[in-house]
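Residue numbers 169 to 429, in our numbering, belong to the letters of the sequence shown in order.
See below for the structure under consideration.
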Amino acid sequence: MFHKSKLFFWTTEVLLLTIIFFIWRQMEGLISPFVSVLNTVLIPFLIAGFLYYVTNPLVKFLEKELKIKRIFGILITLVLLFGIIALGIIYLLPILITQLTSLISSSQNVYGELQNWVNQLSRHSLFQNINVQSMIKQLNLSYVDILQNILNSVTNSLGSVVSAVVNTLLILIMTPIFLVYFLIDGNKLLPMLERTVLKRDKLNITKLLTSLNTTIARYISGISIDAFIIGTLAFIGYSVIGLKYALIFAIFSMIANLIPY
């Protein structure tokens with residue numbers, strides 16, 4: 169009787185979830201190192217997966233249309249990819265740093281003007297009963313204070329900084345390794361699953377995975393090319409009309425175009 173009751177079902181579900189959460193909390197000290205390692209591996213894995221779907225069409229084109237061996241096509245593609253990244257770092261990064269510095273400086277001026285405007289507004293009869301100055305001090309919106317708090321946090325957490333640097337280096341090292349592996353043997357993964365895990369595939373999981381892989385490949389490669397073109401044209405257009413922070417807005421336009429809507 170009880171096993172057919174909705175109350176019994178949901179009570180059991182909540183109880184099981186509570187027990188699992190309690191066990192998780194008790195074993196958090198043991199599990200957290202494994203979670204940290206998983207995150208360290210997962211991030212370069214996902215980045216490499218994204219780059220694989222972006223670069224694999226070019227590798228296929230070189231292999232099928234130009235009759236270049238796949239391994240040489242992969243080498244050509246990687247040289248082009250890292251060449252573009254290197255050119256971006258050499259030529260665009262200094263511009264980006266300059267524009268970000270200018271933007272932060274301008275935002276400080278805007279904050280000063282905003283503070284003056286609030287002070288003038290506080291003298292209006294409608295706001296005589298509101299202590300605006302006290303509210304501003306309580307909010308602690310000074311850029312100097314914010315930057316000082318950030319610097320203090322960084323200084324007080326040197327271990328976190330070292331850990332972040334190590335994780336970044338691991339990502340930079342592991343991402344190309346994953347990418348090369350995907351480009352060389354990525355097309356062999358599904359056939360291998362068919363011969364082993366999915367040998368008796370009664371649910372047509374292989375067909376589903378093939379369709380999913382094709383859809384993801386078309387979506388990522390298409391939207392990446394689209395975002396690159398939009399970012400490039402936006403940067404050229406903003407620069408031609410003399411817009412300040414052209415590169416920042418162009419990068420924002422490119423990233424925003426990657427977001428599904």
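Even for Gly, the Cβ is constructed at its ideal location relative to N, Cα and C.
| request: Can you give me the Cβ contacts of alanine 402 inside the same chain, cut-off strictly under 6 Å, excluding the 5 residues immediately before and after it? | output: Ala418, Ser421
| request: Report the residue ranges of all beta strand (DSSP E) runs contained in full by the segment 205 to 269; include only those spanning at least 3 residues, in chain order. | output: none
| field | Three-pair Cβ contact test at 8 Å for the segment 339 to 352 versus the segment 239 to 246 | value | Touching, yes, given that three or more Cβ pairs across the two stretches are closer than 8 Å.
| query | Within the chosen definition, does the segment 215 to 233 reach the segment 384 to 404 through at least 3 CB pairs nearer than 8 Å? | reply | The answer is yes - the segment 384 to 404 touches the segment 215 to 233, with three or more Cβ pairs under 8 Å.
| task | Please name the residue, chosen from Ile236, Ser379, Ile423, that lies closest to phenylalanine 396 on a Cα-to-Cα basis. | result | Closest by alpha carbon: Ile423.
| Rounded separation between glycine 251 and glutamine 267 - CA only | 24 Å
| query | What three-state label does DSSP hand proline 428 in the structure shown? | reply | coil
| field | Per-residue DSSP class, three states only, for threonine 186 | value | helix
| Which first and last residues belong to the alpha helix (DSSP H) in which arginine 363 is found? | 357 to 363
| said: Would glycine 241 and leucine 230 qualify as a contact pair, given that the criterion is a beta-carbon distance under 8 Å? | reply: Cβ atoms of glycine 241 and leucine 230: closer than 8 Å.
| query | By the 10 Å Cβ neighbour count, where 16 or more other Cβ atoms means buried, how is threonine 269 classified, buried or exposed? | reply | exposed
| query | Alpha carbon to alpha carbon, what distance is there between isoleucine 265 and tyrosine 259? | reply | 11 Å
| field | Straight-line gap, isoleucine 257 to leucine 380 (C-alpha atoms, nearest Å) | value | 34 Å
| request: Write down the C-beta distance between phenylalanine 213 and phenylalanine 346 rounded to the nearest angstrom, noting that I regard them as a contact closer than 8 Å. | output: 6 Å
| query | When DSSP labels each residue in this structure, what does arginine 111 get in the three-state scheme? | reply | The structure shown does not extend to residue 111, since the chain is modelled only from 169 to 429, so the question has no answer here.
| Among residues of its own chain, excluding the 5 on either side of aspartate 394, which ones have a beta-carbon nearer than 8 Å to its beta-carbon? | By the criterion of a C-beta distance shorter than 8 Å, aspartate 394 is surrounded in its chain by Asn425, once the five residues flanking it on both sides are discounted.
| said: If contacts are defined as beta-carbon pairs under 8 Å, then threonine 374 and leucine 361 qualify, I think. What distance do you get, rounded to the angstrom? | reply: 7 Å
| request: State buried or exposed for alanine 414, treating a residue as buried only when at least 16 other CB atoms are found within 10 Å of its CB. | output: buried
| query | When we look at the beta-carbon of serine 392 and count the other beta-carbons within 10 Å, is it buried (16 or more) or exposed? | reply | buried
| request: Look at the alpha carbon of serine 389 and the alpha carbon of leucine 210, and state the distance between them as a whole number of angstroms. | output: 21 Å
| task | Using three-state DSSP, classify tyrosine 413 as helix, strand or coil. | result | coil
| query | Do you know offhand how far isoleucine 236's Cα is from isoleucine 187's? | reply | 58 Å
| task | Output the boundary residues of the alpha helix (DSSP H) element that contains glycine 405. | result | Boundaries of the alpha helix (DSSP H) around glycine 405: 373 to 408.
| Given that a residue counts as buried once 16 or more other Cβ atoms are within 10 Å of its Cβ, and exposed if not, what is methionine 169? | Note on methionine 169: pLDDT 48, under 50, position unreliable in the model; no value is reported.
| field | With 16 other Cβ atoms within 10 Å as the buried cut-off, status of glycine 410 | value | exposed
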